Ligand code: C2E
Ligand code: CA
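Put into structure tokens, the structure is as follows:
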């Protein structure tokens, strides 16, 4: 039944039993939290008893969380750089900064630890460190090479982003026009106006704003009406299909058309083969990124690549690029 004045109330319940699930109030509270979390996770409106398996996965998670806090405090999360090349010339025009954390048990995927940093409230601190590092590194690159740093949606929540970015630029001496910030569509859905106000303030400093992973998730063409993005990065899933799927080609062409009309560069990411590269160049994507050109590199290797700035487009295909 729906209608005005009708309100639905649901409850999820976590249950602990004493003494087997804990002997102190603190222990019982922690464990009932885990049971409640599981109940909510199972689809809400249900009850869940605590069990020891919940405890061990929570303990693993807590351990990783502690390690991550320590790594952030110690500045142990680093960056690698993946070049983007101009589709017409094959020259490196910018690099995307990607976070890396080598945990004592081995590397942890960046999407995993970034999500964890968001959950445990240390994303601002981590993101600020990475931004500062990227600005310092890029300061040593040729003046026509930009650096792209990813923004986590939560960085727009605190309201301090513009200040943080300004401070990182000032501390490094990097010219604002050499910094690009990559946002995802997910970032824009939270509080649209507040988000765009902050992005406008950043853009007015001369920073370029890119929309990443375009075409998946909560794509809205209306964002292009609201905000003049400098570049749109086509999601890898379209690039992967470009040689097989008419639909993928049609979508890429539509985005390229949009870019040409609105004065936005269009980046194809995840380019792995010559065939994909040729198709994307023919479709007038302006920039290309992917393993075909280079994997993400430690900064010193990337600098060596820049120094020679020879075309990173494979030789036999340099005409096409
Ligand atoms: P993303 O934004 O889609 O980043 C691109 C990912 O695609 C990177 O993985 C990159 O190494 C990978 N990639 C690049 N070229 C190719 C290719 O040709 N083929 C394939 N299969 N993959 C390619 P990575 O570095 O593991 O990052 C994964 C995700 O972690 C990123 O996805 C992003 O969501 C997140 N992430 C990484 N670094 C940061 C960061 O500094 N800040 C934030 N907020 N998120 C980050
Ligand atoms: Ca991406």
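Numbering (the working numbering), first residue to last: 11 to 331.
Cβ atoms here follow ideal geometry from the backbone N, Cα and C, with glycine treated the same way.
Every value quoted in this text rests on a predicted model; they were computed, and no experiment measured them.
Shortest Cα-Cα distance from residue 169 to any of 287, 134, 150, 216 involves 134.
When DSSP reads this structure, residue 47 sits in no beta bridge, so it has no partner. Taking 7 Å as the cut-off, the beta carbon of residue 141 is found no closer than this to the beta carbon of residue 167.
When only Cα atoms are considered, residue 213 and residue 203 end up about 15 Å apart.
Excluding residues up to 5 positions away in sequence, nothing lies with its Cβ nearer than 7 Å to the Cβ of residue 17 in the same chain. Note on the segment 280–305: whole alpha helix (DSSP H) runs with a minimum of 4 residues are 284–292, in chain order. Scanning its chain for C-beta atoms nearer than 6 Å, with the 5 sequence neighbours on each side dropped, one finds around residue 215 the residues 186, in chain order. Residue selection by CB proximity (closer than 6 Å to any heavy atom of ligand 2) returns 222, 223, 243, 279 in chain order.
When secondary structure is reduced to three states using DSSP, residue 185 falls in the coil class, being assigned neither helix nor strand.
CA-to-CA, the gap between residue 114 and residue 47 works out to about 29 Å. A residue is called buried once 16 or more other Cβ atoms fall within 10 Å of its Cβ, and residue 139 is buried on that count.
Only residues of its own chain outside the window of five on either side were considered, and among them 78, 79, 82 have a CB closer than 8 Å to the CB of residue 132, listed in chain order. Beta-carbon to beta-carbon, residue 109 and residue 87 are separated by about 6 Å, close enough to satisfy the 8 Å threshold. Beta-bridge annotation (DSSP): residue 125 is not paired with any residue. Per DSSP, residue 59 is one residue of the beta strand (DSSP E) stretching across 57–59. Residue 139: member of the alpha helix (DSSP H) spanning 133–149, first to last residue. Excluding the 5 residues flanking it on each side, residue 223 has same chain C-beta neighbours closer than 6 Å at 194, 245, in chain order. At the C-beta level, residue 97 and residue 298 come within 7 Å of one another. DSSP, reduced to helix, strand and coil, places residue 318 within a helical segment of the structure shown. CA-CA distance, residue 137 to residue 124, rounds to 9 Å.
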